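J.: First to last, the sequence lines map onto chains U and R.
Under my numbering, read the first sequence as residues 1214 to 1475, first letter to last.
Under my numbering, read the second sequence as residues 21 to 517, first letter to last.
Attaching a single structure in structure tokens format; questions to follow.
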Amino acid sequence: MDQTPIETNSATAATAAASDRAVIIRTLGLEKSYGTGEATTYALRGVDSAIYRGEFIAVMGPSGSGKSTYFNMIGGLDSATKGRILIDEVDVAQLSAVELAFLRCQKIGYIFQTYNLIRYMTALENVTVPMAFAGVPPEEARRRGMELLDLVGLSDRCFHRPIEMSGGQQQRVAIARSLCNQPAILLADEPTANLDLHTGQDILDILQRINRDSKVTIVCSTHDHRLLKVCNRIMWIRDGRVERVESSENIQVTVGSIGGIS
Amino acid sequence: MNNQGTLQPKPIVAREQVRLGLGRCWQLAVSGMAYRLFRSMVTTSILALAAAFLVHMLGFGLIENETERVAYQKTQYNRRLGQDIFRLAKPDTNRAILQAFEHADSARENEYAVWAKLEPSELVEGRSTAQQLSAAVEYFADLATAPKAVIVGDRTAEELFDYLTQRPNFAAFEHHLQQFALRPPLANIQAFRQLLTRERPKLNELVGRIRAGQEHAIDQLVASVGPANQALIDQPLEALDRALMAAGFSATGQRLQLLRGFALRSRSQKGIEQMLAQPQVLAAVAGRTSLEPKDVNFDHVANWVDSLGEARWLHAVLRDAGAAALPEPEQIKQLFDDYRYERHLSSIAGDKPPVKGGGLWGLSPRSQWLIVLSFLVCMVGVANAMLMSVTERFTEIATMKCLGAMDRFVMTMFVLEALIQGAVGGAAGLLLGIILALVRGAFEFGQLLALASGAGSTVLMAMLTSLGATMILAALSAVGPAYVAARLSPMEAMRVE
Chain U
1214 MDQTPIETNS
1224 ATAATAAASD
1234 RAVIIRTLGL
1244 EKSYGTGEAT
1254 TYALRGVDSA
1264 IYRGEFIAVM
1274 GPSGSGKSTY
1284 FNMIGGLDSA
1294 TKGRILIDEV
1304 DVAQLSAVEL
1314 AFLRCQKIGY
1324 IFQTYNLIRY
1334 MTALENVTVP
1344 MAFAGVPPEE
1354 ARRRGMELLD
1364 LVGLSDRCFH
1374 RPIEMSGGQQ
1384 QRVAIARSLC
1394 NQPAILLADE
1404 PTANLDLHTG
1414 QDILDILQRI
1424 NRDSKVTIVC
1434 STHDHRLLKV
1444 CNRIMWIRDG
1454 RVERVESSEN
1464 IQVTVGSIGG
1474 IS
Chain R
21 MNNQGTLQPK
31 PIVAREQVRL
41 GLGRCWQLAV
51 SGMAYRLFRS
61 MVTTSILALA
71 AAFLVHMLGF
81 GLIENETERV
91 AYQKTQYNRR
101 LGQDIFRLAK
111 PDTNRAILQA
121 FEHADSAREN
131 EYAVWAKLEP
141 SELVEGRSTA
151 QQLSAAVEYF
161 ADLATAPKAV
171 IVGDRTAEEL
181 FDYLTQRPNF
191 AAFEHHLQQF
201 ALRPPLANIQ
211 AFRQLLTRER
221 PKLNELVGRI
231 RAGQEHAIDQ
241 LVASVGPANQ
251 ALIDQPLEAL
261 DRALMAAGFS
271 ATGQRLQLLR
281 GFALRSRSQK
291 GIEQMLAQPQ
301 VLAAVAGRTS
311 LEPKDVNFDH
321 VANWVDSLGE
331 ARWLHAVLRD
341 AGAAALPEPE
351 QIKQLFDDYR
361 YERHLSSIAG
371 DKPPVKGGGL
381 WGLSPRSQWL
391 IVLSFLVCMV
401 GVANAMLMSV
411 TERFTEIATM
421 KCLGAMDRFV
431 MTMFVLEALI
441 QGAVGGAAGL
451 LLGIILALVR
461 GAFEFGQLLA
471 LASGAGSTVL
481 MAMLTSLGAT
491 MILAALSAVG
501 PAYVAARLSP
511 MEAMRVE
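Shown next, in the form of structure tokens:
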């Protein structure tokens, strides 16, 4: 089977980079296909991967490589056609709808390329929504929401609605929102794709700070090469398979220049 | 950094998500609607229009029904007054007597018992015979065309009964019954035969006695107070009361006063009608009213004499033409006003009592049909409005699901929102609809709309029902699309734009 070298590859990478850490997300032979019979199209063709607790991993790959699908799978937003997803050694497929909602609400924070703030809520209200779902009392939620907005540097804009904010500010609100229930995992799907270079850098800085200070596991898909400096490891996905996994020091050593990577 | 502690990741354990209370759902639904105020208002106004349509149909149906019912009662009452005066001078017709028996009209039956010196048993028997005869008349009227042509032909009911009383004709009738495989009239053929040969002649004889008795009573009345028409106007009420009692008539007290009013009015009307026929009055009225001289009559003049000024003018014309005992202009105006009111009443009332639909607030089948139709229209409008307002928020639903909202929360929020919009829209539509119904009623019935005041509570019930229906409809129409949206996996929902 052609997955064998990848298996060994990721295994070596794992031992090299973080052998002492526990695996928080593990996928085993993950497949996702749309349609049936002749018309079946595969988004993922058997992905085996392991993401370690507390690391900052970047997922890279061209468009259509299955990156986003992989993201949605490990975030519990979509169900797999075949294979297993283990989050903290719990099989996501076995969770009931209520437990899945708990997982999305309390354990995973999502950051989307398009921010996906709720249009009719202020920044603060947007941040407190997941806390409302988690049953946090409104007073407490507001207090925490202000803290988080402060963390992303937006405490002065807490009563603005999304349309009154720039893209970078919206994304920062989204980050604050994703953090509000102290998630163990932060999934960022191309968080800087819609932002200019400078704002993108701000977002990456914030993500890095969160990872460093709070030991939140961050999985970040991106085309942004600046991310290589920020993350611990990089996983390349191509044609629905994991092509390569490297720790970032190796990349800088082996490639030497950013132009040679993709 | 002070956030460090609060940001420490928690270990992952599979636990159940907290269920949100209704209050929080309510807050979220309201704040969402407040933000999308314009869109919510559009949805709400669609609901309001639908509700207004429904309330208008229901309300107007009920108002129309009640107005027609009361108008019919009032005209019947007036007709009865006229009859009561008429029968002080002429005995009741056979038909009227039979009808009194048939409907067990106790006032008339008492009079008949006095005049014909009826035994109570005779009264009971007469009543039952009259009812059986009426049932038989109905039976023959309901026959299918072919048997009806053979059995009834062009005879009236009385002629038919006379005809069938003869034995050979009855035998032929029995033969026809078998031929057409018809059920016999009444319980069985013997009962019908007996009704024709024994009970009907007895009843006819009874009716004859009653008429003779009434004739005698009328003579007695004329002897004591003079002809009834004149006596009702001239004689003191006590004397009239005594004379009527002595003659065995049951019209007394209050009713006598009503009769007097009626008699006075019809005399004045007759006086003016006669004056209008005179050439000089005719010419004067025609000149003033742009009516053709040949069209000048009480009915046409009534359209025109609707103010005191016109009444004064008419009064002057009639006085110049030499009218004796002319009423004052105020009275003339009142007379024409009353006439127009009654004409309006009877135009609305029709000849038959209004059709009772039974079931829904006693509405006629036609109105019920219209209401069912308008309900369907209402439903389509509401369903479309709700469908739109849910589908345009798929992304929002998906986001909420990503953030840990459960399907039931999404459902609850949308249903609550639909309920609020249904309540607001329904209430607005309720007001709009009832105003429309009243305006339309005012156009159609004019001042007679006041007759429908008795339907107030029913209309209120109907309005509240429509409000409830709109709310439930809105909620139900939101359930479908919201369910679909809630069941989608978040990523799929986000892909639907």
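Cβ atoms here follow ideal geometry from the backbone N, Cα and C, with glycine treated the same way.
Just so you know, these numbers come straight off a predicted model, no measurement behind them.
So, does the CB of ASN1329(U) fall closer than 8 Å to a CB anywhere in chain R?
T.: With 8 Å as the cut-off, ASN1329(U) counts as an interface residue toward chain R.
J.: Quick one: which chain U residues come within Cβ less than 7 Å of ARG44(R)?
T.: Here the neighbours are ALA1345.
J.: If I follow the unbroken beta strand (DSSP E) through CYS1433(U), where does it start and stop?
T.: CYS1433(U) -> beta strand (DSSP E) spans 1430–1434.
J.: Run through DSSP, which three-state label would ARG308(R) get?
T.: Three-state DSSP puts ARG308(R) in a helix.
J.: Counting only beta-carbon separations shorter than 8 Å, does VAL397(R) have a partner in chain U?
T.: So no, VAL397(R) is outside the interface.
J.: Whole-angstrom Cβ separation of GLY1242(U) and LYS1295(U), contact assumed at under 8 Å?
T.: So it is a contact: roughly 7 Å between Cβ atoms.
J.: Counting only the same chain and skipping the five closest in sequence on each side, list residues whose C-beta sits under 6 Å from that of ARG1451(U).
T.: So the qualifying residues of the chain are GLY1274 and SER1278.
J.: Cα separation between SER1379(U) and LEU1337(U)?
T.: Spanning the two alpha carbons is a distance of roughly 16 Å.
J.: Looking only at its chain, what residues have a beta carbon closer than 8 Å to the beta carbon of TRP333(R), apart from the 5 residues adjacent to it on each side?
T.: Once the five neighbours on either side are set aside, the close Cβ partners of TRP333(R) are ARG308.
J.: Give a yes or no on whether the C-beta atoms belonging to ILE1398(U) and THR1430(U) are separated by under 8 Å.
T.: Cβ distance < 8 Å, so ILE1398(U) and THR1430(U) count as in contact.
J.: Could you give the distance in angstroms between the alpha-carbon of PHE190(R) and the alpha-carbon of ALA133(R)?
T.: Rounded to the nearest angstrom, the two C-alpha atoms are 33 Å apart.
J.: For ARG353(R), collect the residues of the same chain with a Cβ closer than 6 Å to its Cβ; drop the 5 residues on either side in sequence, then sort them by chain order.
T.: Arg is not the amino acid found at residue 353(R); the sequence shown has Lys there. LEU328 and ALA331.
J.: Do you know offhand how far PHE429(R)'s Cα is from VAL50(R)'s?
T.: Roughly 14 Å between the two C-alpha positions.
J.: Could I get the ranges of all uninterrupted beta strand (DSSP E) runs contained in the region 1280–1322 of chain U, with 3 residues as the minimum, in chain order?
T.: DSSP runs (the beta strand (DSSP E)) wholly in the region 1280–1322 of chain U: 1295–1300.
J.: Grouping DSSP H, G and I as helix and E and B as strand, with all else coil, what is MET399(R)?
T.: Three-state result, MET399(R): helix.
J.: Going by Cα to Cα distance, which pick from ALA1310(U), GLN1319(U) and VAL1260(U) is closest to ILE1298(U)?
T.: Nearest of ALA1310(U), GLN1319(U) and VAL1260(U) to ILE1298(U), Cα basis: VAL1260(U).
J.: Going along the chain, which residues of its own chain have a beta-carbon closer than 7 Å to the beta-carbon of PHE434(R), five neighbours each way excluded?
T.: The answer, listed in chain order, is VAL410, ALA498 and ALA502.
J.: What does ALA1293(U) touch in chain R if you count any residue whose Cβ is under 7 Å from its own?
T.: Simply none; closest approach about 12 Å.
J.: If you drop the 5 nearest sequence neighbours on each side, which residues of the same chain put their C-beta closer than 7 Å to that of VAL301(R)?
T.: Here the set comprises MET295, VAL337, LEU338 and ALA341.
J.: Could you round the C-beta distance between PHE1284(U) and LEU1400(U) to whole angstroms and report it? I think they count as a contact, below 8 Å.
T.: Going by Cβ atoms, the distance from PHE1284(U) to LEU1400(U) rounds to 6 Å, so yes, they are a contact pair.
J.: Extract the residue ranges of the alpha helix (DSSP H) inside the region 382–446 of chain R, only unbroken runs of 4 or more that lie entirely within it.
T.: Listed in chain order, the complete alpha helix (DSSP H) runs (minimum 4 residues) inside the region 382–446 of chain R are 385–411 and 414–422.
J.: Excluding the 5 residues flanking LEU436(R) on each side, which residues of the same chain have their C-beta closer than 7 Å to its C-beta?
T.: Excluding positions up to five away in sequence, the list reads CYS45, TRP46 and ALA49.
J.: Quick check on GLY1242(U): does DSSP put it in helix, strand or coil?
T.: DSSP places GLY1242(U) in strand when its eight states are reduced to three.
J.: In three-state DSSP terms, what is ILE1533(U)?
T.: The structure shown has nothing for residue 1533(U), since chain U only spans 1214 to 1475.
J.: How about THR149(R) and LEU215(R): are their beta carbons less than 8 Å apart?
T.: Yes, the pair counts as a contact, with Cβ atoms nearer than the cut-off.
J.: So, GLN298(R) versus ALA267(R), is the Cβ gap smaller than 8 Å?
T.: Not in contact: GLN298(R) and ALA267(R) (Cβ atoms no closer than 8 Å).
J.: If SER1246(U) sits next to ALA1235(U), beta carbons under 8 Å apart, how far is it from one beta carbon to the other, in whole angstroms?
T.: Incorrect: roughly 31 Å between the Cβ atoms, too far for contact.
J.: Express the C-alpha separation of ILE1416(U) and ASP1437(U) in angstroms, rounding to a whole number.
T.: Between ASP1437(U) and ILE1416(U), the C-alpha separation is close to 12 Å.
J.: Answer with buried or exposed for GLY1288(U), where buried requires no fewer than 16 other C-beta atoms within 10 angstroms of its C-beta.
T.: Counting Cβ neighbours within 10 Å, GLY1288(U) comes out buried, since at least 16 surround it.
J.: Taking CB distances under 8 Å as the criterion, tell me whether ALA425(R) reaches chain U.
T.: Chain U, which has a Cβ nearer than 8 Å to the Cβ of ALA425(R), makes this yes.
J.: How would you call ARG507(R), buried or exposed, if buried means at least 16 neighbouring beta carbons within 10 angstroms?
T.: Flag for ARG507(R) reads exposed.
J.: By DSSP, does SER1262(U) sit in helix, in strand, or in coil?
T.: DSSP places SER1262(U) in strand when its eight states are reduced to three.
J.: What's the gap between the Cα of PHE80(R) and the Cα of ILE292(R)?
T.: Near 39 Å, if we compare the C-alpha coordinates of ILE292(R) and PHE80(R).
J.: Within the same chain, show all residues whose beta-carbon is closer than 7 Å to that of LEU180(R), passing over the 5 residues directly before and after it, in chain order.
T.: These residues qualify, in order along the chain: PHE160 and VAL172.
J.: Please compile the residues from chain R whose C-beta is within a distance smaller than 9 Å of the C-beta of ARG1317(U).
T.: Within chain R, the residues near ARG1317(U) are GLN37, LYS421, CYS422, LEU423, GLY424, ALA425 and PRO510.
J.: Going by the beta-carbon positions, is the gap between ALA1354(U) and ALA425(R) smaller than 8 Å?
T.: It is not a contact, given that the beta carbons lie outside the stated cut-off.
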